[in-house]
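First residue of the sequence shown? That's 7 in the working numbering, and the numbers climb one at a time after it.
Where is the CB? At the ideal position from N, CA and C, for every residue including glycine.
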Amino acid sequence: LALTSAVQSGRGVHAAAAPQAQVAADCCTFDRVLLFLEAEARGRPFDVLPEHLEAMSCAAESLKLTGLRDLCDAKRGAFETRVRREPIPWAEVVERNNAGKGKGAGATEAGDAASREEEG
Numbered sequence: 007l008a009l010t011s012a013v014q015s016g017r018g019v020h021a022a023a024a025p026q027a028q029v030a031a032d033c034c035t036f037d038r039v040l041l042f043l044e045a046e047a048r049g050r051p052f053d054v055l056p057e058h059l060e061a062m063s064c065a066a067e068s069l070k071l072t073g074l075r076d077l078c079d080a081k082r083g084a085f086e087t088r089v090r091r092e093p094i095p096w097a098e099v100v101e102r103n104n105a106g107k108g109k110g111a112g113a114t115e116a117g118d119a120a121s122r123e124e125e126g
């Protein structure tokens with residue numbers, strides 16, 4: 007049985023052959039990459055939050071992790087399709103609010119009434 011020099015380095019033989027890599031990633035990003043690798047190894051799903059997407063994508067490129075890069079690209083694509091790039095005209099905002107489409111967690115009837123008073 008022939009062992010590689012990397013395996014032998016764990017036994018004190020060929021210590022200089024221990025695998026090394028320099029990655030331009032902060033500790034938190036590198037931890038997330040390790041969590042991704044663990045999820046992949048265990049067949050579990052892994053999600054990248056939008057605020058970590060750019061750093062994870064750069065780390066995937068540096069480490070040549072195709073699976074992570076594909077995940078980041080898919081996540082970025084899903085985000086891009088939901089984001090409206092052009093500004094929303096004020097008339098459309100008023101129209102959507104009046105139709106009840108713009109009511110979110112912060113919308114109130116009093117706020118809607120105040121908006122109508124300002125318009126009229």
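DSSP places Glu92 outside both helix and strand once states are collapsed to three, so it counts as coil. Counted as a single uninterrupted DSSP element, the alpha helix (DSSP H) harbouring Val39 occupies residues Cys33 to Arg48. Straight-line spacing of the CA atoms in Ala105 and Ala84 works out to 27 Å. Segment contact: the region 90-100 against the region 69-76, fewer than three CB-CB distances shorter than 8 Å; contact not assigned. In the displayed model, Gly73 falls within a helix according to three-state DSSP.
Around Ser63, the same chain offers Cys78 as residues with beta carbons nearer than 6 Å, after the five sequence neighbours per side are excluded. With 16 or more other CB atoms across the displayed protein chains lying within 10 angstroms of its CB, Val54 is buried.
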